[in-house]
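Have a look at the structure below before the remarks.
Chains as they are written, first to last, in my numbering: chain A, 7 to 140; chain B, 881 to 1268.
Following this line, the structure appears as structure tokens:
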């Protein structure tokens, strides 16, 4: 069941700070923030590290794999049900996302998932996750 | 420096409306202010401090002070979402202790019911909010954010939907006596379990009501409070704290009440076990359970057991909560429940709650607010008050 196929996904509000993140998404890459000083990853990516306040921050491609931290399927009050989730990436940070290409009733916390990019209203691709194949 | 004993809550008024299509938001603020002045036995001229959050229209305190014709020397528009008004009481006590004002008015009002607001709508806080691009497109609403907290709590601690349902059951037991409550029917665990799934694992009856309305409080210097003809409600202590995604180190099973609670109990010099009545913010059933654990009423992970079997019901349970019916059954004006939490705690301390739910000889009460979304970023406000 692909619930996002019928769902209109709002385009993300792009600005000068988050532009590299969405530009990378257009190339099929999911970026996470990594601090060159404290070596900690962070999400969502920022120009100043939220852990140590360093301005030596790189936005690096994630390997795009992780596990479901928590999730919920909105079943009422919306035109098409959809599943929101936090996915904990292999890099150690959790990001808000949607789980797609899956039966919501079959999902569990801890399930392995991989990134997939879904188009939004204006075409900007948004990183979402689907059950890891194989 | 402490606020313990430096200020009293002398006025508390809950607007009786639950649907107000023909009133403006400013009007509901002013009617609430008028109600609390009558309750306290004060006049508009006595007010020299004004507190509001972003539910106040226009330029917040500037617009409202102008509209209501107040002459104040201190304003504060602290915004922590639904917990704002619990925090305002603490800030008013601080301002009084610092000599910045003597009599502080706090107002809240809104019309989300008339305006068609729903907890299933994705929330967009505007392009300038740095998180919006990373959350709004995914459909982050209110209900599914709290639902993710509930599911994680169930995963880590084995909490069940039936245990959460007991929180609604207790609220409904109280709401049956409140003539103004939106939901006055007593419900059972089975009723909650059979209500439609909204954002799993939260069902319709796990959610609070959407209501128009408002409320207002007055906080005053002790010398002034003691001249009034109302029971004395002394502020003992308060705490406030935000919590968020911590740069991606997301932890949904502890909330900011774990920070605001200990601060408030320390300032008040009391323990959770001494609290006789607790107003606990109840946007959803899971909101109550999380705060009860983090305030120390039970151990982390044991909230499900604590709330089960009617433990929150006044007269039979160990910790009577939300005896007005709370946000779950009575009222959640402006989608912000902090104001009504303080008001019902004041009623209990004055002995003015409905006789069927009044805690006998209630001398120590807690009001707990939670603003924002437990699933992303939120702020907690804890207030402890004593009947003198």
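Cβ atoms here follow ideal geometry from the backbone N, Cα and C, with glycine treated the same way.
Looking at the DSSP output, residue 65/A sits in a beta bridge with 39/A. At the C-beta level, residue 98/A and residue 63/A stay beyond 8 Å of one another. Judged by their CB atoms, residue 104/A and residue 115/A are not nearer to each other than the 8 Å cut-off. Counted as a single uninterrupted DSSP element, the beta strand (DSSP E) harbouring residue 1157/B occupies residues 1157–1160.
Contact annotation: residue 891/B and residue 923/B have beta-carbon atoms that are not nearer than 8 Å. Between residue 1119/B and residue 1144/B, the beta carbon gap of about 4 Å places them in contact (Cβ cut-off 8 Å). Identification of residues in the region 1183–1205 of chain B having a C-beta nearer than 7 Å to some C-beta of chain A yields an empty set. For residue 104/A, the uninterrupted beta strand (DSSP E) segment begins and ends at 100–104. Counting only runs of at least 3 residues, the region 968–1036 of chain B fully encloses the following beta strand (DSSP E) elements, listed from N- to C-terminal order: 983–990. The region 1125–1137 of chain B makes no contact with the region 919–935 of chain B: fewer than 3 CB pairs, one atom from each, lie closer than 8 Å. Sorting 1168/B, 1157/B, 1216/B and 1179/B by C-alpha distance to the C-alpha of residue 1240/B places 1157/B at the top.
The beta carbons of residue 998/B and residue 1090/B sit closer together than 8 Å. Using a CB distance cut-off of 8 Å, residue 1119/B does not count as an interface residue toward chain A.
The three-state reading of DSSP puts residue 1220/B in helix, counting H, G and I together.
For residue 49/A, the closest alpha carbon among the candidates 58/A, 37/A and 43/A is that of 37/A. For residue 1077/B, the three-state secondary structure derived from DSSP is strand.
With contacts defined by Cβ atoms closer than 8 Å, residue 1060/B and residue 1194/B do not form a contacting pair. Not a single C-beta of chain A is nearer than 8 Å to the C-beta of residue 1170/B. In this structure, the CA atom of residue 60/A is about 7 Å from the CA atom of residue 41/A. Cβ contact annotation for residue 1223/B (same chain, cutoff 6 Å, sequence separation greater than five): 892, 894 and 1095, in chain order. For residue 109/A, there is no enclosing alpha helix (DSSP H), as DSSP marks it with neither H nor E.
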